[in-house]
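S.K.:
Protein chains in written order, with this note's numbering: chain V, 1 to 283; chain E, 1001 to 1283; chain G, 2001 to 2283; chain B, 3001 to 3283.
1) Compare the C-beta of residue 1175 of chain E with all C-beta atoms of chain G and state if any pair is closer than 9 Å.
2) Under the rule that 16 or more other beta-carbon atoms within 10 Å means buried, what is residue 243 of chain V, buried or exposed?
3) Report the residue ranges of all alpha helix (DSSP H) runs contained in full by the segment 1097–1159 of chain E; include only those spanning at least 4 residues, in chain order.
4) State yes or no: is the beta carbon of residue 310 of chain V nearer than 9 Å to at least one beta carbon in chain B?
5) Just to confirm the assignment: which complete beta strand (DSSP E) runs, minimum length 3, are found wholly within the segment 1182–1222 of chain E?
6) Chain E partners of residue 124 of chain V, CB-CB under 7 Å?
7) Between the segment 1071–1102 of chain E and chain V, which residues of the former have CB atoms less than 7 Å from a CB of the latter, in chain order?
8) Leaving aside the five residues before and after residue 3235 of chain B along the sequence, list all residues of the same chain whose C-beta is less than 6 Å from its C-beta, in chain order.
9) Can you grab the Cα-Cα spacing for the pair residue 3151 of chain B / residue 3124 of chain B, in whole Å?
10) Residues of chain V with CB under 7 Å from residue 2232 of chain G, in chain order?
11) Is any beta-carbon of chain V found at less than 9 Å from that of residue 3236 of chain B?
12) What three-state label does DSSP hand residue 94 of chain V in the structure shown?
13) Please name the residue in G:2121, G:2097, G:2127 whose C-alpha comes closest to that of residue 2033 of chain G.
14) Considering just the uninterrupted stretch of the alpha helix (DSSP H) at residue 261 of chain V, what are its terminal residues?
15) Taking 9 Å as the threshold (beta carbon to beta carbon), is residue 28 of chain V in contact with chain B?
16) Once you ignore the five residues that flank residue 3030 of chain B on each side, which residues in its own chain have a CB closer than 8 Å to its CB?
17) Can you give me the Cβ contacts of residue 2072 of chain G inside the same chain, cut-off strictly under 7 Å, excluding the 5 residues immediately before and after it?
18) Is it right to say residue 1041 of chain E is buried, meaning 16 or more other beta carbons lie within 10 angstroms of its own, or is it exposed?
19) Take residue 1075 of chain E as the anchor and find which of V:127, V:280, V:232 has the nearest alpha-carbon.
20) Residue 3039 of chain B lies in the beta strand (DSSP E); which residues open and close that run?
21) Between the alpha carbons of residue 2225 of chain G and residue 2017 of chain G, how many angstroms are there, rounded?
22) Could you give the distance in angstroms between the alpha-carbon of residue 3173 of chain B and the alpha-carbon of residue 1148 of chain E?
23) Who are the near neighbours of residue 1175 of chain E in its chain, counting only those whose CB is closer than 8 Å to its CB and skipping five residues on each side?
24) Assuming residue 3007 of chain B contacts residue 3197 of chain B (C-beta within less than 8 Å), just tell me the rounded distance between them.
25) Taking a contact to mean a Cβ-Cβ separation below 9 Å, would you say residue 2118 of chain G touches residue 2138 of chain G in this structure?
26) Given this structure, state the Cα-to-Cα distance separating residue 101 of chain V from residue 1053 of chain E, to the nearest angstrom.
27) Can you tell me whether residue 1242 of chain E sits near the ligand PLP, meaning its C-beta is under 8 Å from at least one heavy atom of the ligand?
28) Where do the N-terminal and C-terminal ends of the beta strand (DSSP E) with residue 2025 of chain G fall, by residue?
29) Using a Cβ-Cβ cutoff of 7 Å, what residues of the segment 3236–3258 of chain B are near chain G? List them in chain order.
30) At a Cβ cut of 7 Å, what residues of the segment 3144–3166 of chain B count as close to chain G, listed as they run along the chain?
31) Tell me the residue span of the beta strand (DSSP E) that contains residue 3061 of chain B.
32) Looking at the unbroken beta strand (DSSP E) that takes in residue 3242 of chain B, where does it start and where does it end?
33) State the Cα-Cα distance for the pair residue 1136 of chain E and residue 3143 of chain B, rounded to the nearest angstrom.
34) Do the CB positions of residue 1064 of chain E and residue 1095 of chain E come within less than 9 Å of each other?
35) Please state whether DSSP places residue 43 of chain V in a helix, a strand or coil.
36) Using the C-alpha atoms, what's the distance from residue 2171 of chain G back to residue 177 of chain V?
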């Protein structure tokens, strides 16, 4: 039996829109998720949130549980961070997305967040994926550092096949040989994924490049190649970021970047590309 | 503060011996773990166990929970497999090692196994590593598909720093560009790891090469480079293996390989290399 | 002595414009080089040339000497191809670019071409680079399949340090693990190179992706990230291309792509980005 | 027509022995080529040569023309180095191998050397390969940094198909992501190549690892996996080596390594493996 996979398109224009708060991933609009690598304090997150509101962004990210190479590095504020995220969510009306790394953390985060993020290191943590397949919140699934597109889509399939259709894919750079950039941003993969699946695909230029100055140009390239959204690390004071300081851009840089993102989206005729056939889920 | 990591050698000859049943990983003896990719039936495992006993191997592996790229592939016999493993363990006196992918599976497997295996995909599943750090059984930690040695050792540190010192490292091939072999077996990494850590290091030539005919020569090379042991997939009838059929060797091939392994170990003067300074843990 | 390299910027806005016929690589205009992988016949090249003229492109590419993995594959028409290129050049007023692989081929091509191309496989053919450093024609230098940016720039330095300043860099994909695309197009490298060097940088989306349908989106992404030009394989009848048939786009596709390229260039404010400080060479 | 390639085995035991001076690559004996990265002086090379003679090695290597990433790095003594190599060859009766990078260098080196070496960067310098195919001296062909085995063998085919059957393949590490070693030594590739071709295959553990301390264990592993020989960088005073100082081992280390190499060769029953079917060429 050669049954179709859930991630496959049923017809060439098949496109899913995943709703997270007021964001519609997969719609003609380029959704920009932004926020700090780690939630550090209410003040920090509030300052980011104010800017996002002003700029018309509807989704904030912030790490509560941080997967770190070393057990001795800052591991995130955990529960405290979740509560800060929740307050921002309530007060500002922003949708909240945060990374979870275990079934236990899903339960901890459930009441506080609008979308779960699965990081690269857990892309093939199949038990976690199966658990997420049973949740009724959207999942942002990041590509593993050395995952083929086949493996990436099959990881999504673990979630979809359990019944949760709200999956957003995220390209965030793959591991390669050149120390000139942190990872290699694989934008052709975005174009290829759009052929292979109806799921929305966003790009994280921050983790992909690991360098502040490279974030704006690669963000624009991501839009030009057809990404449905971006996830960009920002910090009110990037140099003082507790984690990933080199790649966080300032709120001013984000502000100057957004009009260019819109301009590029318009240049490629995005409204016309994304057709009426899109199916909205997660309302 | 620049405090020493748990995995680091305290002096050049510092070497840990991790005991799993009658196996002493890190001792002068090359320990060979063998068995099928998946536990398929009692008969299958019994046949393998009989051969291992005859050949003087003390540790059998067999998958109960299988991490598979596709959710539709065979996922292992689970609980049933654990019970088969336990019976073999009781009847044959072999130590049992099996892969676990979640905290829940640790609990399920606890009563039945002698050593937990963490697969490549979960090398940076930090919540799992922390849980294993609180167990009192040895952990076989496989290198991630694109993990640097620094990341590999830091993953071990997650276990060690929680108090469990019984960690065996396993090189099993890294992802690369050439489809000629499934992965690229990184044997220089074994030599390098021996400089960087006191932990025992074994090699899995089966997953590294993905081809039956390449297992014996790479197993011998692993011994020559200084590995403390091998993990080799065997099957009574390799062509009928449910998973990873192309890489499992027959019991006859294993039988003919073992004397060569001993010969190479002797040729490199292994007894003399592994000094008296070794510290036995896990008794 | 820590003397500055020729490829390094002397001040942040330092930018070189390399002139090839009427093309100005490094100027605000996105220059598009196009043409077939191999020159197959006068008719084939003439048809491409007609379209390029109509579309306002000034530079045609076509392989005379083809570097092929197998000695038994079509190796190019050689001298015959050079003469076809020369006729097109004379009749149509297009600048001609072709790959050379040896000092002998430089001499053969000299009278017929406007720009020499060095392919990925020869990026570190240092004797060839030194010879090109003594020529007075521009050189298009493609990045090697696994070249770091440091190595890429140092390869350019071999040409520059011999006195030939007319070097155009070309990102064309690097080798990686995923068979989903032929190579991985490294667009962040383009942004990074623009920080490191004053030399113009173009992108070849055809060799990078190896798939016709992926060429337009990645071409647009290349423009968005800041590339100074594109090299795109076209064929009057792509399916009948003797070499690289899967990646050549039709002339119709090229025609529909060019306005989008202009739109994206405008969207990122390219005219304003490329400042007056640019130094024109090769006039 | 699906004609057989020259590199393919005509029957399973088909094995070619390539003779370089008194060395027989592909015979049961593990041939060890050694010498400095660059020829620096007569005294330096003489000291190495004396040791090689004493140890029973018959082949000395030394760079006259050095391919260097930077045009400003030491490029080798050129003609002077060739004359030093020739004097050593005459006085000591050692076969001489040196790298050439162009047709011109082939001619320069012809009178002075017994075997040409093609470096990794030139593995797909097809014009060079074709020229070597017309010479009557053996060629040592190193695998490209990111060459698949298919590409490696096809590069050999360029030489073989022109009539020169004296090709020795050399695995020397491939490019990968981990800075822990300079490259990744791909020993499974050696085992795979032995299945695919009758040509002799040697291993260069020096360039593969880039670290002195890793050379002996990986050299032994290379023998265990079935390599027909080794190419090991030595220097009378490694710390003062002009190029590649970190990877050159001392003559004393070489002396202590050779008996272990013999022991491992014996342990894997090398004499019995290499059968009588071997065809000697290059006498």
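Yeah, the Cβ is synthetic: ideal placement off N, Cα and C, and Gly gets one too. Since this is a predicted model, take the numbers as computed values, not measurements.
M.R.: Looking at the atomic coordinates:
1) Here residue 1175 of chain E corresponds to residue number 175 of the second chain, with the count starting at 1. Closer than 9 Å to some Cβ of chain G, the Cβ of residue 1175 of chain E qualifies, so yes.
2) Within the first chain, numbered from 1, the residue matching residue 243 of chain V stands at position 243. With 16 or more Cβ atoms within 10 Å of its Cβ, residue 243 of chain V is classed as buried.
3) 1103–1109, 1126–1132
4) Coverage of chain V is limited to positions 1 through 283, which leaves residue 310 of chain V absent and any answer about it impossible.
5) 1201–1203
6) For the purposes of this step, residue 124 of chain V is taken as residue 124 along the first chain, with counting starting at 1. Under the 7 Å cutoff, chain E gives 1067, 1121.
7) 1071, 1101, 1102
8) Position 235 of the fourth chain holds residue 3235 of chain B. Cβ neighbours of residue 3235 of chain B beyond the five flanking positions: 3036, 3241, 3248.
9) Counted from its first residue, the fourth chain places residue 3151 of chain B at position 151. Counted from its first residue, the fourth chain places residue 3124 of chain B at position 124. In a straight line, the C-alpha of residue 3151 of chain B is about 8 Å away from that of residue 3124 of chain B.
10) Locating residue 2232 of chain G in the third chain gives position 232, counting from the first residue. Near residue 2232 of chain G there are no residues of chain V at all, since even the closest Cβ is about 14 Å away, more than 7 Å.
11) As a first step, residue 3236 of chain B is located in the fourth chain; it is residue number 236 there, counting from the start. No, no contact with chain V.
12) Numbered from its first residue, the first chain carries residue 94 of chain V at position 94. Coil at residue 94 of chain V, not helix or strand.
13) Here residue 2033 of chain G refers to the residue found at position 33 of the third chain. Residue 2033 of chain G has its Cα closest to that of G:2097, out of G:2121, G:2097, G:2127.
14) The sequence position of residue 261 of chain V within the first chain is 261, counting from 1. First-last of the alpha helix (DSSP H) with residue 261 of chain V: 251–267.
15) As a working note, residue 28 of chain V is residue 28 in the first chain. Chain B contact via Cβ: absent.
16) Here the question's residue 3030 of chain B lines up with position 30 in the fourth chain. Spatial neighbours of residue 3030 of chain B in its own chain (CB-CB distance under 8 Å, excluding positions within 5 residues in sequence) are listed in chain order as 3223, 3227, 3228, 3229, 3230, 3261, 3262, 3265, 3270.
17) For the purposes of this step, residue 2072 of chain G is taken as residue 72 along the third chain, with counting starting at 1. Counting only Cβ-Cβ distances below 7 Å, and skipping sequence neighbours, we find nothing.
18) On the second chain, position 41 is the one that residue 1041 of chain E refers to. Result: exposed.
19) Residue 1075 of chain E sits at position 75 when you count from the first residue of the second chain. Comparing Cα-Cα distances from residue 1075 of chain E to each of V:127, V:280, V:232, the minimum goes to V:127.
20) Residue 3039 of chain B sits at position 39 when you count from the first residue of the fourth chain. Taken as a continuous stretch (DSSP letters only), residue 3039 of chain B belongs to no beta strand (DSSP E), as it is neither H nor E.
21) Within the third chain, residue 2225 of chain G is the residue found at index 225, counting from 1. Within the third chain, residue 2017 of chain G is the residue found at index 17, counting from 1. Roughly 18 Å separates the two Cα atoms.
22) As a working mapping, residue 3173 of chain B is identified with position 173 in the fourth chain. As a working mapping, residue 1148 of chain E is identified with position 148 in the second chain. Approximately 16 Å, taken between the alpha carbons.
23) Position 175 of the second chain, counting from 1, holds the residue named residue 1175 of chain E. Result list for residue 1175 of chain E: 1145, 1146, 1183, 1184, in chain order.
24) In the fourth chain, the residue the question calls residue 3007 of chain B occupies position 7. In the fourth chain, the residue the question calls residue 3197 of chain B occupies position 197. Right, the Cβ-Cβ distance comes to about 5 Å (below 8 Å), so this counts as a contact.
25) For the purposes of this step, residue 2118 of chain G is identified with residue 118 of the third chain, where counting begins at 1. For the purposes of this step, residue 2138 of chain G is identified with residue 138 of the third chain, where counting begins at 1. No, Cβ-Cβ distance for residue 2118 of chain G and residue 2138 of chain G is not below 9 Å.
26) The residue given as residue 101 of chain V occupies position 101 in the first chain. The residue given as residue 1053 of chain E occupies position 53 in the second chain. Cα to Cα, the separation comes out at about 40 Å.
27) Annotation note on the ligand PLP: not contained in the displayed structure, which lists no ligands.
28) Start at 1 with the first residue of the third chain, and residue 2025 of chain G comes out as number 25. That run of the beta strand (DSSP E) goes 2023–2025.
29) Taking 7 Å as the cut-off between beta carbons, none of the residues of the segment 3236–3258 of chain B comes near chain G.
30) Answer in chain order: 3145, 3146, 3151, 3154, 3157, 3158, 3161.
31) Stepping through the fourth chain from its first residue, residue 3061 of chain B is reached at position 61. Start and end: 3059–3061.
32) As a working note, residue 3242 of chain B is residue 242 in the fourth chain. Careful: residue 3242 of chain B lies outside any beta strand (DSSP E) and carries neither H nor E.
33) The sequence position of residue 1136 of chain E within the second chain is 136, counting from 1. The sequence position of residue 3143 of chain B within the fourth chain is 143, counting from 1. Going by the C-alpha atoms only, they are around 46 Å apart.
34) On the second chain, residue 1064 of chain E is found 64 positions in, with the first residue counted as 1. On the second chain, residue 1095 of chain E is found 95 positions in, with the first residue counted as 1. By the CB criterion at 9 Å, residue 1064 of chain E and residue 1095 of chain E fall outside the cutoff.
35) In the first chain, the residue the question calls residue 43 of chain V occupies position 43. Helix.
36) Here the question's residue 177 of chain V lines up with position 177 in the first chain. Here the question's residue 2171 of chain G lines up with position 171 in the third chain. Roughly 15 Å between the two C-alpha positions.
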